[in-house]
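One structure is given here, and the rest of the page talks about it.
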Amino acid sequence: MSELNLVLLGPPGAGKGTQAERLVEDFGLPYYSTGIILREAVANGSELGKQAKQYMDNGELVPDELINNVIAERLDSGEADDGFLLDGFPRTIGQAEMLETTLEGRGRDLTAALLIDAPDDEVVRRLSGRRTCAKGGHVYHVESDPPKNDGVCDQDGSRLIQRDDDKPETVRKRLSVYHEQTAPLIDWYEGRGKLMRFEGARPPDEVHDRIRAKLAAKRFEDEDEQ
Ligand code: AP5
Ligand code: MG
């Protein structure tokens, strides 16, 4: 079976984390969300966290040098040798080039960049109602996907919190950063024949079904070519 080397691309609140949970269950891939990694680093007060905090609080991207090393280490660790799912990385052309070079250097290739798109007004609505599990990062929404018990994660019983960067003014800043610095990756991956587009405004299960169907079709194609 061919490797699945995947990245999830899309604006804040499009549903990258929501779909990642499902895809990890489907394919058992090691999952690297740079947002979760950075929030943990901030919570632990590590050197990475100290350097990242200000950028994150302002809704800006942390510098490429800081995050590229984090991902390169994970890809070098051996645990991602049979495939991986990246969420929130790459987010700039510089990060995408680093990923491409790292994979090429190991005779590997990206399978697909999964773009989950959603309009800005939908993003603002979703993020104002998002609740996140303080431990595992599991994602809920107070209206569209509430937990069984208020404020408690269904999966591991930990507390649900509101992310610091989900304040409306920070969400607006994150959206403008996305359009300026990350959206150019759509054409970049399209030009390399790697882009798969999904409408994130559809219900989560529907988005998930479509991703699975497209990945299955791609795997058949790849196996035919071998
Ligand atoms: P990160 O944590 O990656 O945040 P983000 O990209 O802004 O995306 P979100 O996690 O907010 O949204 P999501 O798409 O995962 O949506 P979710 O599934 O939760 O990054 C945070 C910060 O870290 C950045 O601002 C930056 O500072 C830094 N950073 C991270 N990576 C970096 C990098 N590579 N380079 C530099 N800096 C970096 O869903 C949202 C809500 O909608 C939930 O409530 C959910 O229940 C609901 N929902 C989901 N899908 C649906 C649906 N289909 N229909 C209805 N509701 C839905
Ligand atoms: Mg997320």
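For the sequence shown, the numbering used here gives the first residue as 4, with consecutive numbering after it.
Beta carbons are placed, not taken as given, at the ideal position from N, Cα and C, and that holds for glycine.
Nothing here was measured: the structure is a model prediction, and the numbers come from that model.
Closest option to ASP60, judged by alpha-carbon separation, among GLU224, THR37, ASP169: ASP169.
In this structure the segment 162 to 176 touches the segment 136 to 144; the number of beta carbon pairs closer than 8 angstroms is three or more. According to DSSP, HIS144 shares a beta bridge with ARG133, ASP148. Only residues of its own chain outside the window of five on either side were considered, and among them TYR143, LEU163 have a CB closer than 6 angstroms to the CB of ARG134, listed in chain order. As computed with DSSP, ALA216 is found in no beta bridge at all.
The continuous beta strand (DSSP E) containing PHE201 extends over residues 198 to 202. By the C-beta criterion, the segment 89 to 96 is judged to be in contact with the segment 184 to 200, since at least 3 inter-stretch pairs fall below 8 angstroms.
In its chain, beyond the 5 residues on either side, no residue has a beta carbon closer than 7 angstroms to the beta carbon of GLU68. Distance from VAL10 to LEU41 at the Cβ level is roughly 17 angstroms; contact not present, criterion being Cβ atoms closer than 8 angstroms.
In the three-state DSSP reduction, ASP79 falls in the helix class (H, G or I). For GLY91, the shortest C-beta to heavy atom distance toward the ligand MG is below 7 angstroms.
Comparing alpha-carbon positions, the option among ALA46, LEU118, LEU88, GLU224 lying closest to LYS138 turns out to be ALA46. The shortest C-alpha to C-alpha distance from ASP120 to any of GLU224, VAL210, ILE39, GLU28 is the one to VAL210. When DSSP states are grouped into helix, strand and coil, ARG128 belongs to the helix group. Separation of LEU198 and LEU7 (C-alpha to C-alpha, rounded to the nearest whole angstrom) is 14 angstroms. Annotation: ASN61 is outside any beta strand (DSSP E) and is labelled neither H nor E by DSSP.
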